[in-house]
Amino acid sequence: MYTQAMDTGPKEERKAVRSAEEAQLDQRFEARIDEGAFIEAKDPMPEHYRKTLVRQISQHAHSEIVGMLPEGNWVTRAPTLKRKAILLAKIQDEGGHGLYLYAAAETLGTSRDQMIDALHGGRAKYSSIFNYPTLSWADIGVIGWLVDGAAIMNQVPLTRCSYAPYARAMVRICREESFHQRQGFDALLVMMKEGTEAQRAMVQDAVDRWWWPSLMMFGPPDSESTHSTQNMRWGIKRIGNDDLRQKFVDATVEQAKVLGVTMPDPLLKWNEERAHWDFGPIDWEEFWQVVGGHGPCNRERLAARVKAWDDGAWVREAAMAHARKQALGEQAA
Amino acid sequence: MSAVTNEWPLWEVFVRPKAGLDHKHCGSLHAPDAKMAVQLAREVYTRRQEGTSVWVVKSSDITASDPGDKGMLFDPMEDKVYRHPTFYELPESVNHM
């Protein structure tokens, strides 16, 4: 899934004084970006470009991994064996996506342990959407439809990111992500078309709770986004937050009609002149609260991650010890 | 901060999509040994029948050309157009050879 406002990190002071050599390298780099060239792992790149990418890719990876938690909540309670198998496959995909992304970030010279350490230590962020609870089975469908839908919209432009290992990971992820969105819509459609009144109400309730957080996934308005301009310049980001959000609203409002649900926004209205749907103001106060660690589930999510990591330590160590012993045995033989 | 040495080593993964095609690099993963690397490569890179065979190579065992040598290594081929069949203009009647 899921990059969002991954440019919500702290503003960094850029070094004012640079050596002539550095300035020349930077110039050559900017020229390559202008040509639309892809940057590979061992190519020279400005330190700030490297740092920005490490932050964005690692936070994207963390989001995939933490994103497994709200869905894992429903594995044992999926309504049918088919839905359970689908959910397990989706969660496994998220783990895989996290892994592709960690690997892409590692090409920039950061280690997996360093990244995980930053997440567990609360220094690295993950998508704020996962700090909301999954209260009913309908939430799982809505996550597929809206949350994965928003993620796809964010991620498709990243397949053209200037940093090639990231772009390649995104191609693979986007290919798999489409299943996530479709299975979610399918699950909701079954409830809306064949379900009981209570099940339909459950779907509407889930839409009501996830709609606004899904819109927040595109990040703050471009006018307030801290890193947007530089990231656009470097081809790390290709389309602005506001444009992507509008595209998402336009697409999902039509899909909602097929489902027979409504979005919890009284100001949602087709604008003939703009040829887009107008929508009401987003509660950015809530967004910053959740990003800042005060969402409904921040503490629970991080605690679950740390526990899983700590509980698995003996397995990682035992596997490594076994491998070392085997290698010694081969040497001796 | 955890020491880097605690990490499982990094492996590069190559997958043959189907019989008759080359193995192609598709990504990397961490694994304690070769056997586990193959097992994990299957989980990570062939969840949708993307492969019929997997190779894994320790990343540290790969020797790569230096990106800085790109010009020196590969540019000299630029002016050797006579190495391509299209360089030769033949009479129409024999142009299919």
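Taken in sequence, the protein lines are chains A and B.
As numbered in the numbering used here, residues 53 to 385 make up the first sequence, in order.
As numbered in the numbering used here, residues 61 to 157 make up the second sequence, in order.
Where a beta carbon is used, it is the ideal one built from N, C-alpha and C, also for glycine.
Using beta-carbon distances, residue 151/A counts as an interface residue toward chain B, with a partner under 8 Å.
Taking a Cβ-Cβ cut-off of 8 Å, residue 137/B has no neighbours in chain A, whose nearest Cβ is about 19 Å from it. Contact check for residue 89/A against residue 153/A fails: the beta carbons are separated by 8 Å or more. In this structure, DSSP gives residue 231/A a helical state, which the three-state scheme calls helix. Judged by their CB atoms, residue 142/A and residue 235/A are nearer to each other than the 8 Å cut-off.
Look at residue 88/A here: in three-state DSSP terms it is coil, with no helix or strand label.
Listed along chain A is no residue with a C-beta nearer than 7 Å to that of residue 102/B; the closest approach is about 12 Å. DSSP lists 85/B, 115/B as the beta-bridge partner residues of residue 74/B. The alpha helix (DSSP H) runs lying completely inside the segment 81 to 141 of chain A and spanning 4 residues or more are 99 to 118, 120 to 124, given in chain order. At the C-beta level, residue 160/A and residue 106/A come within 8 Å of one another.
The beta carbon of residue 169/A is closer than 6 Å to none in its chain, skipping five residues each way along the sequence.
Taking the Cα positions, residue 226/A is about 15 Å away from residue 144/A.
Going by DSSP, residue 329/A is part of the beta strand (DSSP E) stretching over 328 to 330.
For residue 289/A, the closest C-alpha among the options 270/A, 301/A, 307/A is that of 270/A. Within chain B, the residues placing a beta-carbon under 7 Å from that of residue 375/A are 92, 93, ordered along the chain.
Within the segment 156 to 188 of chain A, those residues whose Cβ lies closer than 8 Å to any Cβ of chain B are, in chain order, 158, 163, 164, 165, 166, 168, 169. For residue 307/A, the closest C-alpha among the options 365/A, 366/A, 240/A is that of 240/A. For the segment 285 to 306 of chain A, the set of residues with a beta-carbon nearer than 9 Å to any beta-carbon of chain B is empty. For residue 67/B, the residues of chain A that pass the 7 Å Cβ criterion are 163, 164, 165, in the order they occur in the chain. For residue 105/B, the secondary structure class from DSSP, reduced to helix, strand or coil, is helix. For residue 371/A, the residues of chain B that pass the 9 Å Cβ criterion are 68, 91, 92, 93, 96, in the order they occur in the chain.
Under DSSP, residue 215/A takes part in a beta bridge, and its partners are 91/A.
Using a CB distance cut-off of 8 Å, residue 88/B counts as an interface residue toward chain A. In this structure, residue 319/A and residue 330/A form a Cβ contact; the two beta carbons are roughly 7 Å apart against a cut-off of 8 Å. At a Cβ-Cβ threshold of 8 Å, residue 348/A and residue 184/A count as neighbours. Cα atoms of residue 90/B and residue 150/B: separation of roughly 54 Å, rounded to the nearest angstrom.
Comparing alpha-carbon positions, the option among 72/B, 152/B, 147/B, 97/B lying closest to residue 84/B turns out to be 72/B. Around the beta-carbon of residue 326/A, fewer than 16 other beta-carbon atoms lie within 10 Å, marking it exposed. For residue 107/B, the closest Cβ of chain A is nearer than 8 Å. Burial check for residue 267/A: the Cβ neighbour count within 10 Å reaches 16 or more, so the residue is buried.
In the three-state DSSP reduction, residue 322/A falls in the strand class (E or B). The alpha carbon of residue 82/A has as its nearest neighbour, out of 182/A, 97/A, 137/A, 92/A, the alpha carbon of 97/A. If you look at residue 339/A, you'll find it in the alpha helix (DSSP H) that goes 336 to 341. Sequence-distant Cβ neighbours of residue 237/A in its own chain, meaning closer than 6 Å and more than five residues away, are 197.
If you ignore the 5 residues before and after residue 208/A, its C-beta comes within less than 7 Å of the C-beta of 226, all in its own chain and listed in chain order. Near chain A, meaning a CB-to-CB distance below 7 Å, the residues of the segment 115 to 130 of chain B are 127.
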